[in-house]
Amino acid sequence: MSVRDWVSAVGLISGALFCVIGAWGMVRLPDTLSRLQAATKPQTLGLLLILAGTAVRLEPHFAVGLVLAGLFQVITAPALSQLFGRAAYRTGGVDRSTLVVDELAQRLRSGRE
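My numbering numbers the first residue of the sequence shown as 222 and each following residue consecutively.
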């Protein structure tokens, strides 16, 4: 096996492990906001590692598509997580007693939201 094969294998396996850890966090974490954290950060990193491991094995002009897919994931995952978190907060899906700082309540009271 060449160095390229090893780099690809490490990227694919570590990416898959991050995705499994994110899925495990989605099942095991107690509240909505923690689950959102598990759904975005390790899943995004896992996907980026899988895409990088795959890109190592492809021709450079095909790898550009993988870079675009990774960029799209990095841009959209945090924004969607933010929207889902706000929706859960507003519909009562968040236990507000567990929040250390509740900036959204302050914004909602002031009418800026």
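No residue lacks a Cβ here, since even glycine has one placed at the ideal position from N, Cα and C.
Asked: Under 8 Å between C-beta atoms of G232 and A273; Found: yes
Asked: Nonlocal neighbours in the same chain, by C-beta distance under 6 Å from W245, ignoring five residues either side; Found: none
Asked: Contact check, G313 vs T253, beta carbons under 8 Å; Found: no
Asked: S302, enclosing alpha helix (DSSP H) - first and last residue; Found: P281 to R311
Asked: C-beta atoms of V277 and V228 nearer than 8 Å; Found: yes
Asked: Range covered by the alpha helix (DSSP H) that runs through P263; Found: T253 to R278
Asked: C-beta atoms of T275 and L287 nearer than 8 Å; Found: yes
Asked: Classification of A260 by the beta-carbon crowding that lies within 10 angstroms, buried from 16 upward; Found: buried
Asked: Distance between T265 and L237 (C-alpha atoms, nearest Å); Found: The question names Leu, yet the displayed sequence has Ala at residue 237. Taking the straight line from one Cα to the other gives about 11 Å.
Asked: Beta-carbon proximity of G267 to F239, cut-off 8 Å; Found: yes
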